[in-house]
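Asks: Quick note, in our numbering, the sequence shown goes up one by one and the last residue is 321.
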Amino acid sequence: MENRLIRAVPREIMQVPTREPIVSFTFDDVPASALDIGAAILEAHGVRGTFYIAGGLAGNVEPGRSLIDRAGCGELAARGHELGCHSFSHRDLRHLDGGALAADLARNAAYLDAVDPRASRRNFAYPYNSGSFGKRTMLGQSFRTCRAAGEGINRGATDPAFLRAVEIRQPQQHVLGLARWIDALVADPGWLIFFTHDLSPQPTPYGCTPPSFHLLVAYAVARGCQVLTVDAALDRMGLREARP
Ligand SMILES: [Zn+2]
C-alpha cells in the first residue's frame, strides 16, 4: 500500500534516457555465494555489479546461506564492484522512526566507509523492498538512488528514490523466463535492474542457481546491453550527482 502511494506521488523525477539498453545486476544482504560465484560470473563477462550491504548482517550464518563480512566487502570493492547501502539493521523502514533511521544509516555509512571510502553519495536498496513515504526526503537526500522492487523497467520519468527492479528468485522456471525482460529492454530501451541474493545449486527462495545467473548475464551482454553498476549506469545516463 505504502509502496503504491510512493509510486503515485513521486518525490522527484529524473529522466532515464531511452537511447540504449542498460542492465544492472544487483545483490542484496550479501551472501558469500554472491561474492564467490556472482561476482566471478560478472567479471568473466568483463562487467561489474552492485552489492547492497547491511553491516548488521555481516558474518551471519542463516539457513541456506552465510553472509559476507568486512573482508568480503573489501574484496568486492577491490575487484571494481560497487558497495551500496542496504541499511545497517535490515529492518523494515516503516518500523523505524526518523531518528533511529538516521542513526542506522550513519552506522552503515561508517561500516562501508571503513572498507571503501567514498566522497559522493552511495546508492541504497530498501530492506524487504519496502518503501516509507514519510522517510523518503531523508533517503532522497542521503543517497543517489534508492532501489525497490516493482517488476518493471526504468524508462523516461523515474523517481530516483524508488527505482524499479526485477527479482531473480525461485522457482527456477521463473528465472529462466527472465530473459524476456532483456528482450523487452532491447525492444524499448531504458534501465533494467535485476536483484537477487544467493547463488547455489540449491538456492533459497530468494536466489537462483549459478548456471541460470550466468545465462542472464551472458544474454544481456550478447544482446548488446550496457551492463553497468548502478553508479556507473547513472554516470552513463548523464545524471550527474547533485551536491546536497
Ligand atoms: Zn535485504
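We put the CB at the ideal spot given by N, CA and C, even for glycine.
Please work out which residues of its chain come closer than 7 Å, Cβ to Cβ, to Pro94, disregarding the five sequence neighbours upstream and downstream, and give them in chain order.
Replies: Locating residue 94 in the sequence shown gives position 17, counting from the first residue. Closer than 7 Å at the Cβ level, and outside the excluded window around Pro94, lie Met314.
Asks: Residue range of the beta strand (DSSP E) that Gln92 falls in?
Replies: Locating residue 92 in the sequence shown gives position 15, where the first residue counts as 1. First-last of the beta strand (DSSP E) with Gln92: 91-93.
Asks: Assess, as a yes-or-no matter, whether the segment 259-268 is touched by the segment 95-111 under the definition of 3 or more beta carbon pairs within less than 8 Å.
Replies: In short, these stretches touch, since the Cβ pair count reaches three.
Asks: Skipping 5 residues on each side, what residues in its chain have a beta carbon closer than 6 Å to that of Thr306?
Replies: Sequence index remark: in the sequence shown, residue 306 carries index 229 (1-based). Closer than 6 Å at Cβ, skipping near neighbours: Arg125, Thr127, Glu159.
Asks: Note down, in chain order, each residue of its chain lying with its Cβ closer than 7 Å to the Cβ of Thr281, except the 5 sequence neighbours on either side.
Replies: As a first step, residue 281 is located in the sequence shown; it is residue number 204 there, counting from the start. Answer for Thr281: Gly141, Arg142, His274, Asp275, listed in chain order.
Asks: Just the C-alpha distance for Pro321 and Gln249, rounded to the nearest angstrom, thanks.
Replies: On the sequence shown, residue 321 is found 244 positions in, with the first residue counted as 1. On the sequence shown, residue 249 is found 172 positions in, with the first residue counted as 1. Low local confidence applies: a pLDDT of 43 at Pro321 is under 50, so the model's placement there is unreliable, and no value is given.
Asks: For Thr103, count neighbouring C-beta atoms within 10 Å of its own C-beta (all shown protein chains included) and say buried if the count is 16 or more, exposed if not.
Replies: On the sequence shown, residue 103 is found 26 positions in, with the first residue counted as 1. Classification of Thr103: buried, given that the 10 Å Cβ count is 16 or more.
Asks: Are Ala330 and Leu144 close, meaning C-beta to C-beta below 8 Å?
Replies: Absent from the structure is residue 330, since the part of the chain shown begins at 78 and ends at 321.
Asks: Using the C-alpha atoms, what's the distance from Met91 back to Met215?
Replies: By 1-based counting over the sequence shown, the position of residue 215 is 138. By 1-based counting over the sequence shown, the position of residue 91 is 14. Rounded to whole angstroms, Met215 to Met91 spans 17 Å at the Cα level.
Asks: Could I get the ranges of all uninterrupted beta strand (DSSP E) runs contained in the segment 145-169, with 3 residues as the minimum, in chain order?
Replies: Qualifying beta strand (DSSP E) stretches, in chain order: 159-162.
Asks: My output table needs one value for Ala131: the three-state DSSP class, helix, strand or coil.
Replies: The residue given as residue 131 occupies position 54 in the sequence shown. Ala131: coil per DSSP, three-state reduction.
Asks: Given the structure, does Asp346 come close to ligand 1, in the sense that its CB is under 7 Å from one of the ligand's heavy atoms?
Replies: The structure shown does not extend to residue 346, since the chain is modelled only from 78 to 321, so the question has no answer here.
Asks: Spatial neighbours of Leu255 within its chain, please: CB distance less than 8 Å, with the 5 preceding and 5 following residues excluded, ordered by chain position.
Replies: Looking up residue 255 in the sequence shown gives position 178. Val243, Ile245, Phe271, Leu293, listed in sequence order.
Asks: Taking C-alpha atoms, which residue in Asn206, Leu262, Ala234, Phe220 lies nearest to Met78?
Replies: For the purposes of this step, residue 78 is taken as the residue at position 1 of the sequence shown. Looking at the Cα atoms, Asn206 is the closest of the given residues.
Asks: So with Cβ pairs under 8 Å, would you call Leu173 a contact of chain C?
Replies: Note that chain C does not occur in the displayed structure, where there is just one protein chain.
Asks: Straight-line CA distance for Leu240 to Asn231?
Replies: The sequence position of residue 240 within the sequence shown is 163, counting from 1. The sequence position of residue 231 within the sequence shown is 154, counting from 1. Distance between the alpha carbons of Leu240 and Asn231: 7 Å.
Asks: Is the beta carbon of Ala131 less than 8 Å from the beta carbon of Asn185?
Replies: The residue labelled residue 131 in the question sits at position 54 within the sequence shown. The residue labelled residue 185 in the question sits at position 108 within the sequence shown. Going by C-beta atoms, Ala131 is nearer than 8 Å to Asn185.
Asks: Is any heavy atom in ligand 1 found nearer than 7 Å to the beta carbon of Asp169?
Replies: As a first step, residue 169 must be located in the sequence shown, where it is residue number 92. No, ligand 1 has no heavy atom inside 7 Å of this Cβ.
Asks: Output the residue ranges of the alpha helix (DSSP H) runs that lie fully inside the segment 204-255 and measure 4 residues or longer, sorted by chain position.
Replies: The segment 204-255 contains these whole alpha helix (DSSP H) runs: 213-219, 249-253.
Asks: Considering just the uninterrupted stretch of the beta strand (DSSP E) at Leu269, what are its terminal residues?
Replies: As a position in the sequence shown, residue 269 is number 192, starting the count at 1. Per DSSP, Leu269 belongs to the beta strand (DSSP E) from 268-273.
Asks: State the Cα-Cα distance for the pair Leu178 and Leu170, rounded to the nearest angstrom.
Replies: Against the sequence shown, residue 178 aligns to sequence position 101. Against the sequence shown, residue 170 aligns to sequence position 93. The alpha-carbon atoms of Leu178 and Leu170 are separated by roughly 7 Å.
Asks: Run through DSSP, which three-state label would Leu276 get?
Replies: As a working note, residue 276 is residue 199 in the sequence shown. Of the three classes helix, strand and coil, the one that applies to Leu276 here is strand, per DSSP.
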